[in-house]
Amino acid sequence: MMAVMVGCSNQSTPASQHTPTLPGLTTTRDTATEVPTLTPTAEPSLSPSSGVTQLPTQHPTSTPQPAPGTSTPTPQEISISIDEVVASGLGYALYVTTAGDGSGRLFVVEQTGLIKIIQDGQVLDQPFLDATHLISFGSERGLLGLAFHPQYSENGYFFIDYTDVNGNTTIERYSVSQNPDIADPQSSLLLFKIDQPYANHNGGQLTFGPDGYLYIGMGDGGSANDPHNNGQTLSTPLGAILRIDVDHGSPYDIPPDNPFVNQSNTDPRIWDYGLRNPWRFSFDMQTHDLYIGDVGQDQYEEIDFQEAGSPGGLNFGWRCMEGIHTHNTQPPCNDQSLLNSLTAPILDYSHSVGHSVTGGYVYRGSQFPALDGIYFFGDFVAGKLWSIKLTGRSPFTWTEVKLQLETGFNISSFGQDEQGEIYVVDYSGGTIRHLTQQAAASATP
Ligand SMILES: [Ca+2]
């Protein structure tokens, strides 16, 4: 029963909703005990190459390039900890980020509509922004994303993604007030709204790319199994990652090199598509590669990858594929040329292991050099935290996935600060935790 509900519409969710469910889920950890027993030792498997999928395009040069970070250990050689609590007492926390202004502050997104500041280990009493009156909250709805403008120090702009009182996705710009710890609630500028046909799969990630454009994650519109085939439909922004220019146009512009900008019957905002619910994605701060955690339906979770410098337009397969597995064979999913054009995930894992992938970050901090270049990600329901590392680019090669921790938390998100340190957002426990390296041999008795 629960197994078929996971990742489906929350309209089939039992009514008792003290604990909203994220992201793409209809069950929290408490009720997750109703699903078949998780296999404690099982780990995600690397997707084998197959005829229906392709790995990301390789660099044109045939000269092997030094693998990034080959001088540092593989995930298998390190251990991590998330025992260092940066802040606690948060409610429905589902994202943490920085303003990039050198202040050292962390900004936490709470699903109810609050943005809170962590400064010097304390959560400031007054929220940075209170958007609770603007949003619909519960299950997969709420305040879902936050991104500060790359020139925030100069212009004071930041952007939020939320489901409005009618449940539709809304992207707005705000400005900071004269007080650096408080936003101006009257400063809102609507960029656009996107109608949501169902309550679930709202995406929500906002991230500025290394190109200065704003990337916006959009789910497939919800329900289950993508009934309107939004993932494979380029005329809808649903089931896609969008890319817009917030520095030109009114209120925004389309980057001229977006992949579908001059094609008829397409949404020119689309950067990549074939996604079900790209709840969290990130760019590697150093290489600028893009990592996407795309939440699966009933069977497989996946991490997708797009190399730096890609022209975009990648089709990650949903609803034809779930992970590397065939999910739907109705048109256009019976078109072999379409199937041949799909980009496979770099890894997927089955629901015997976890139920809702949470995309993470590549560590680029200086505190733990051994972690450099390792991508950390997790599972919201199972609480597992894994790592994988890119070891070569020509062709692309990866380490095996390592199960680093069984956290016991609902990992709703990860976050990364300006120094490249990684944080874990514990949704049910209300804590933000620093991901640290655990010394190989502890000196403590
Ligand atoms: Ca896919």
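In this text, residue positions in the sequence shown follow the working numbering: the first is 323, and each later residue adds one.
Ideal Cβ placement from N, Cα and C applies to all residues, glycine included.
Could you check if G460 belongs to the surroundings of ligand 1, using beta carbon to heavy atom distance under 7 Å? Along the sequence shown, read from residue 1 onward, the residue named residue 460 stands at position 138. Checking the Cβ of G460 against ligand 1 gives no.
Inter-residue Cα distance where the pair is D503 and C655: Your numbering for residue 503 matches position 181 in the sequence shown. Your numbering for residue 655 matches position 333 in the sequence shown. So the two alpha carbons sit approximately 50 Å from each other.
Going straight from the alpha carbon of Q760 to that of Q741, what length do you get? The residue you call residue 760 lines up with position 438 of the sequence shown. The residue you call residue 741 lines up with position 419 of the sequence shown. Distance between the alpha carbons of Q760 and Q741 is about 19 Å.
With burial defined as no fewer than 16 other Cβ atoms inside 10 Å of the residue's Cβ, what is the status of L512: buried or exposed? By one-based count along the sequence shown, residue 512 stands at place 190. L512 is exposed by the Cβ-count criterion.
What are the boundary residues of the beta strand (DSSP E) that includes L636? Counting from one through the sequence shown, the residue named residue 636 turns up at place 314. Run containing L636: none; DSSP gives neither H nor E here.
Those residues which DSSP pairs with R602 across a bridge: Sequence index remark: in the sequence shown, residue 602 carries index 280 (1-based). Paired residue(s): G615.
Put E476 into one of helix, strand or coil per three-state DSSP. Sequence index remark: in the sequence shown, residue 476 carries index 154 (1-based). In the structure shown, E476 sits in a helix (DSSP, three-state: H, G or I).
For a quick check, are the C-beta atoms of G682 and Y697 less than 8 Å apart? Within the sequence shown, numbered from 1, the residue matching residue 682 stands at position 360. Within the sequence shown, numbered from 1, the residue matching residue 697 stands at position 375. Cβ distance < 8 Å, so G682 and Y697 count as in contact.
Taking C-alpha atoms, which residue in H523, A630, Q585 lies nearest to L466? The residue labelled residue 466 in the question sits at position 144 within the sequence shown. Answer by Cα proximity: H523.
In terms of residue numbering, what span does the alpha helix (DSSP H) encompassing S403 cover? If you number the sequence shown from 1, residue 403 lands on position 81. No alpha helix (DSSP H) holds S403; the beta strand (DSSP E) holding it covers 401-409.
Among S678, Q652, P633, which residue has its Cα nearest to the Cα of G645? Position 323 of the sequence shown, counted from the first residue, corresponds to residue 645. The residue with the shortest Cα to Cα distance from G645 is S678.
Using DSSP's beta-bridge definition, name the partner residues of V468. Taking the sequence shown and counting its residues from 1, the one referred to as residue 468 is at position 146. Here residue 468 is Leu; the residue named in the question, Val, does not match the sequence. DSSP lists I482 as partners of L468.
Terminal residues of the continuous beta strand (DSSP E) containing Q658? Numbered from 1 along the sequence shown, position 336 holds the residue referred to as residue 658. Taken as a continuous stretch (DSSP letters only), Q658 belongs to no beta strand (DSSP E), being part of the alpha helix (DSSP H) at 658-663.
At a cut-off of 7 Å, would you count D423 as near ligand 1, judging by its Cβ distance to the nearest heavy atom? For the purposes of this step, residue 423 is taken as residue 101 along the sequence shown, with counting starting at 1. It does not: the Cβ of D423 is nowhere closer than 7 Å to a heavy atom of ligand 1.
How far does the beta strand (DSSP E) with E623 in it reach, from first residue to last? Walking along the sequence shown from the start, residue 623 turns up at place 301. Unbroken beta strand (DSSP E) run through E623: 622-628.
Closer than 8 Å to chain C by CB, P559: Annotation note: the requested chain C is absent from the structure, which comprises a single protein chain.
Buried/exposed call for P378, threshold 16 Cβ in 10 Å: Locating residue 378 in the sequence shown gives position 56, counting from the first residue. Here P378 scores only 34 on pLDDT, less than 50, and its place in the model should not be relied on; the value that follows carries that caveat. Buried, since its Cβ has 16 or more Cβ neighbours within 10 Å.
Report the CB separation of G676 from K706 in whole angstroms; it is logged as a contact under 8 Å. Counting from one through the sequence shown, the residue named residue 676 turns up at place 354. Counting from one through the sequence shown, the residue named residue 706 turns up at place 384. With 8 Å as the limit, G676 and K706 qualify as a contact, their Cβ atoms being about 6 Å apart.
Look at the alpha carbon of A546 and the alpha carbon of Y520, and state the distance between them as a whole number of angstroms. For the purposes of this step, residue 546 is identified with residue 224 of the sequence shown, where counting begins at 1. For the purposes of this step, residue 520 is identified with residue 198 of the sequence shown, where counting begins at 1. Using only the alpha carbons, I get a separation of about 10 Å.
Residue(s) in a DSSP beta bridge with H677: Locating residue 677 in the sequence shown gives position 355, where the first residue counts as 1. Beta-bridge pairing links H677 to no other residue.
Using the three-state DSSP reduction, which class does H523 fall into: helix, strand or coil? Locating residue 523 in the sequence shown gives position 201, counting from the first residue. It is coil, neither helix nor strand.
Return the CA-CA distance between L661 and Q554, expressed in angstroms with no decimal places. In the sequence shown, the residue the question calls residue 661 occupies position 339. In the sequence shown, the residue the question calls residue 554 occupies position 232. Going by the C-alpha atoms only, they are around 11 Å apart.
Bridge partners - G700, DSSP secondary structure assignment: Here residue 700 refers to the residue found at position 378 when the sequence shown is read from its first residue. Per DSSP, T680, L707.
Chain-order list of residues whose beta-carbon lies under 8 Å from that of P559 (same chain, five-residue window excluded): Position 237 of the sequence shown, counting from 1, holds the residue named residue 559. Closer than 8 Å at Cβ, skipping near neighbours: I516, M540, D589, R591, I592.
Let me check one thing: in DSSP terms, what residues is H756 bridge-paired to? Within the sequence shown, residue 756 is the residue found at index 434, counting from 1. In DSSP, H756 forms a bridge with E406, Y745.
Tell me the DSSP secondary structure of A761 in three-state form. What you label residue 761 is simply residue 439 of the sequence shown in a count that begins at 1. A761 falls in the coil class under three-state DSSP.
In angstroms with no decimal places, state the Cα-to-Cα distance between T267 and N637. Residue 267 cannot be examined here, being either before or after the span of the chain that is shown, 323 to 767.
Quick check: the Cα distance between A453 and F718, rounded to an integer number of angstroms? Along the sequence shown, one-based indexing puts residue 453 at 131. Along the sequence shown, one-based indexing puts residue 718 at 396. About 43 Å.
Secondary structure of L693, DSSP reduced to three states: Locating residue 693 in the sequence shown gives position 371, counting from the first residue. It is helical.
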